[in-house]
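Read in order, the letters of the sequence shown are residues 1 to 761 in our numbering.
Think of the CB as a built atom: it goes at the ideal place given N, C-alpha and C, for glycine as much as any other residue.
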Amino acid sequence: MPCPEQAPMTGLGKEKILDKSLKPLYDISTIAFKSPAPIIFKSNPAENMPGLPVIINAPFSVGTLSKHSLTAAIIAGEKTFALPSSKVIIETSSSWDSVASLSVIIFLVKIYTVKFIKKLQNNSNKVFIIVCNLCYSLLLCYDFIFIRGSAMIKRFLKAVSLVFVFGLSVSSLYLVNLFFMKPVSIDHFLGKEFLTSLIDSPESMTYAGMFDQYNWITNHNSKLSIPQHEDLQEGIDEARKSLGILNKYNSSSLSANQKITKSIAIFDTENYLKELEEFPYHDYPLNQVRGAHHNIISFMSDMHPVRNHSEAKDFIERTDLVIDVYTSQLDWLERQAAEGIYAPEFVYAHLIKQLNELINYSFEGHPLYTQFIKKAALLDITADELASLDADLKLSIENSVTPGFVLLRDFMVSTRDNANPHHGIWSQPNGDEFYKLRIRSYTTTDYSPQKIHDLGLSEVARISSRMKEILVSLGYDADKTAGTLMNELNEDPSMLYADTADRKEIVVQDYMDMVNEATEAISGYFHTMPKAPVIVKPVPEYSEKTAPGGYYQAPALDGSRPGAFFVNLYDIKQTPKYSMKTLAYHEATPGHHHQIAHSLENEELTLYRRFGYGTSAFSEGWALYSEQLALEAGLAPDPYDELGILQSEIFRAVRLVVDTGMHYKKWTREEAIAYMKAKTGMSDTECRVEIERYIVWPGQALSYKVGMLKILELRQKAKDALGDNFNIKDFHSAVLDYGNPPLFIVEQMVDEMIAKGLEKT
Numbered sequence: 001m002p003c004p005e006q007a008p009m010t011g012l013g014k015e016k017i018l019d020k021s022l023k024p025l026y027d028i029s030t031i032a033f034k035s036p037a038p039i040i041f042k043s044n045p046a047e048n049m050p051g052l053p054v055i056i057n058a059p060f061s062v063g064t065l066s067k068h069s070l071t072a073a074i075i076a077g078e079k080t081f082a083l084p085s086s087k088v089i090i091e092t093s094s095s096w097d098s099v100a101s102l103s104v105i106i107f108l109v110k111i112y113t114v115k116f117i118k119k120l121q122n123n124s125n126k127v128f129i130i131v132c133n134l135c136y137s138l139l140l141c142y143d144f145i146f147i148r149g150s151a152m153i154k155r156f157l158k159a160v161s162l163v164f165v166f167g168l169s170v171s172s173l174y175l176v177n178l179f180f181m182k183p184v185s186i187d188h189f190l191g192k193e194f195l196t197s198l199i200d201s202p203e204s205m206t207y208a209g210m211f212d213q214y215n216w217i218t219n220h221n222s223k224l225s226i227p228q229h230e231d232l233q234e235g236i237d238e239a240r241k242s243l244g245i246l247n248k249y250n251s252s253s254l255s256a257n258q259k260i261t262k263s264i265a266i267f268d269t270e271n272y273l274k275e276l277e278e279f280p281y282h283d284y285p286l287n288q289v290r291g292a293h294h295n296i297i298s299f300m301s302d303m304h305p306v307r308n309h310s311e312a313k314d315f316i317e318r319t320d321l322v323i324d325v326y327t328s329q330l331d332w333l334e335r336q337a338a339e340g341i342y343a344p345e346f347v348y349a350h351l352i353k354q355l356n357e358l359i360n361y362s363f364e365g366h367p368l369y370t371q372f373i374k375k376a377a378l379l380d381i382t383a384d385e386l387a388s389l390d391a392d393l394k395l396s397i398e399n400s401v402t403p404g405f406v407l408l409r410d411f412m413v414s415t416r417d418n419a420n421p422h423h424g425i426w427s428q429p430n431g432d433e434f435y436k437l438r439i440r441s442y443t444t445t446d447y448s449p450q451k452i453h454d455l456g457l458s459e460v461a462r463i464s465s466r467m468k469e470i471l472v473s474l475g476y477d478a479d480k481t482a483g484t485l486m487n488e489l490n491e492d493p494s495m496l497y498a499d500t501a502d503r504k505e506i507v508v509q510d511y512m513d514m515v516n517e518a519t520e521a522i523s524g525y526f527h528t529m530p531k532a533p534v535i536v537k538p539v540p541e542y543s544e545k546t547a548p549g550g551y552y553q554a555p556a557l558d559g560s561r562p563g564a565f566f567v568n569l570y571d572i573k574q575t576p577k578y579s580m581k582t583l584a585y586h587e588a589t590p591g592h593h594h595q596i597a598h599s600l601e602n603e604e605l606t607l608y609r610r611f612g613y614g615t616s617a618f619s620e621g622w623a624l625y626s627e628q629l630a631l632e633a634g635l636a637p638d639p640y641d642e643l644g645i646l647q648s649e650i651f652r653a654v655r656l657v658v659d660t661g662m663h664y665k666k667w668t669r670e671e672a673i674a675y676m677k678a679k680t681g682m683s684d685t686e687c688r689v690e691i692e693r694y695i696v697w698p699g700q701a702l703s704y705k706v707g708m709l710k711i712l713e714l715r716q717k718a719k720d721a722l723g724d725n726f727n728i729k730d731f732h733s734a735v736l737d738y739g740n741p742p743l744f745i746v747e748q749m750v751d752e753m754i755a756k757g758l759e760k761t
């Protein structure tokens, strides 16, 4: 069909347009562009592009117009001609420059990439959206250079373009394989899974620290995770999909390290999936120990950086979202109630009291406000800017934080009459099976509740005997139980710090001295020591009443934040001198800090193995083992120091008895408190706090002692097998060099160490 007269085509003869012998190079007639406006093409008979494309329009019909209009343009020069068309065929001579062909292809890819990206805007897979946008940006740059650039640029970059297109194609195939199929490498698959979960959690990105320099792109420091009910089914679907992919990897084609990774990932995913499918509402996510009401305040006060004005504004934007988080938590609690699952009565009493305190905070006493203002006052900003931040945060607390606390408080008050009269998880629907799953998840063993209970009774008897032996040698009454004598020791004034104004500073410095001494003393027990330092800090005042005696916070991945050992200095009696070394060794060195920092710094481990999986059976088991290691290293030569280590150990052994007692043998809270007090010598208040923690966190307390006993068992196994060739450094490497794995993997690694040692002999 001839071209319309109103569309001049400078340099193009009419005979060429009507030449039917020309073979179409690229047929896009099936795409059927539909537009109420003309499709405009620009052309230029430049010498460097001989044989420009010939455009022939197909029949046009108003009846075929779509509501999706499209105005398309191929930009190649100055002159213009217009063709109203619903279908377009591009024809060319054999001498048409390949760059012009690529320009048309790029044009089409750009159009459909934009449309595809728009459809993905609500997609939760942010990584994929970022990749799509990146590819589109590259296409824009490529189009600009080759269509608008000079002839010299085209000639120079023509070869490079082919390499670029090939590389982009390979990269695209890799990304498609990574995100939509079974990736070639299991490490790539699990790394992608970890990064996706990390990017989906703004709090995790802030915690990591390494993403803060890119916050201008990610904007994560102004966001909070707001769980939705739909997340449950999505989590189930994703877990099933992941498990299916993991099982497709043929173990015979995996490296030794990848086989370990596969075992860990399958174990973890199976447990996670089973809990989501069968016990989605059995946990108590809002309780006196942990929950959104505590976690957000702790996270915002301790983890959110306020190093400049922008981060200060992010803090306030995050605070504005607190009400949404609490509303989401309320929705979850209502769904749990619909399942007939309610927490025990004491949980309601504690929560209502805690929430009322949070609601009634003045700004001057509010932890969110006080911590923020302390940091903001140190910024290089004007007085007006500081005043503006102050006013904005107060408004955010009034409109978001406090109303959120009221929502949760009102729910607890309205449902208190439905509180569970029992304390063990056995009383919940199918609670016995849930407890078995929790034991498997937390201890990474298949031990039965009865086996763990019996193990606890045996360990309590053994440790009590040794404690009694030391106490009698120190002149204590042999007719009294070890627990009674330890209670007397706790009340001994010589074991307590004087209640002076500078007591906290003195205790913190004493702890720091202990950590430094331990770091030097235990260096001979390891092939490598962690590079990240550890500091000692007091527990923030706002959480002193409910926080444990001590806890550890890992260093930032980028080294911007050291590891931190937090000590609770609220009650002077919580810090008897004989127990301080034990706590320092457990939380810092050679305990949690040594193990966690070593894992984070181990570049031989994949992303998943360094950050994607962890279990308290290993981490807490190692920390408890570290107390024994410190004793062996001569760090506790005083008998009172050994008593501190033994009390810590019997405390963990008692946990085996009382946790299984309440959740399996149907003990009451009072029976468990009485048993713990009798065996450990701890006060009534301390025992009550601990027992109530185990009630709302079934199974977690079992991990400490079970993990420690497994490490000691494996060490003795290696000693027996290797004899004089046993090397403690090699043993610790076999235990620590594989991240934070399940105990069955630790045993596998120690067995391999033994086999290698026997080969040498």
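Limits of the unbroken beta strand (DSSP E) element including residue i
i	result
K535	First, the amino acid is wrong: residue 535 is Ile here, not Lys. Element bounds for I535: V534 to P538.
A564	G563 to V567
Q553	G550 to Q553
Where residue i falls, given that 16 or more other Cβ within 10 Å makes a residue buried
i	result
N122	Reliability of the predicted coordinates at N122 is poor, the pLDDT of 45 falling under 50, and the value obtained from them is presented with this limitation in mind. It is exposed - the Cβ of N122 has fewer than 16 other Cβ atoms within 10 Å.
E627	buried
A478	exposed
M210	exposed
W667	buried
I691	buried
I506	exposed
Y578	buried
E759	exposed
E491	exposed
H229	exposed
8 angstroms CB neighbourhood of residue i in its chain, flanking five on each side removed
i	result
H732	Y525, F526 and H527
N247	I266
D320	S396, N399 and S400
N- and C-terminal bounds of the alpha helix (DSSP H) containing residue i
i	result
Q428	No alpha helix (DSSP H) holds Q428; DSSP gives it neither H nor E.
Y771	A query on residue 771 cannot be resolved here, the shown segment of the chain reaching from 1 to 761 and no further.
G757	L743 to K760
I341	Where I341 is concerned, there is no enclosing alpha helix (DSSP H), given that its DSSP letter is neither H nor E.
D558	Premise fails: D558 is in no alpha helix (DSSP H) and is neither H nor E.
E604	It is not in any alpha helix (DSSP H) - E604 carries neither H nor E in the DSSP assignment.
G483	A482 to N490
L629	S616 to E632
F315	H309 to D320
Cut-off 7 angstroms between Cβ atoms - residues of its own chain near residue i, not counting five sequence neighbours on either side
i	result
V460	I650, A653, V654, V657 and K679
F267	P742
T261	I186, D187, L190, T606, Y608 and R609
S225	S201, P202 and E203
R409	I352, L355, N356 and I359
G757	L722 and N725
Q336	Y281
Spatially closest choice to residue i from the options, by CA coordinates
i	options	result
G634	Y207, M514, H593 and L709	M514
N430	Y281, I695, S458 and V347	Y281
P530	E686, A755 and L600	L600
T615	N271, Q258 and D231	N271
S310	G291, D302, A376 and S255	A376
D212	G559, Y497 and G563	G559
N568	H592, T402, S473 and K504	K504
L624	S414, H594 and K705	K705
V184	Q258, Y694, D237 and K223	Q258
N740	L437, F611 and D384	F611
Beta-carbon proximity list for residue i, same chain, < 6 angstroms, skipping 5 on both sides
i	result
D751	none
T589	V515, A518 and T519
M749	A734 and Y738
G777	Residue 777 lies beyond the residue range present for the chain, which begins at 1 and ends at 761; the question has no answer from this structure.
Heavy atom of the ligand FAD within 7 angstroms of residue i beta-carbon
i	result
T685	With respect to small molecules bound, the structure shown includes none, and the ligand FAD cannot be examined in it.
So within the stretch 345–423, which uninterrupted alpha helix (DSSP H) runs reach at least 4 residues, ignoring any that extend past its ends? 345–359, 367–376, 383–396 and 402–415
Could you pull out every unbroken alpha helix (DSSP H) segment of at least 4 residues lying fully inside the stretch 695–742, listed in chain order? 703–722 and 728–736
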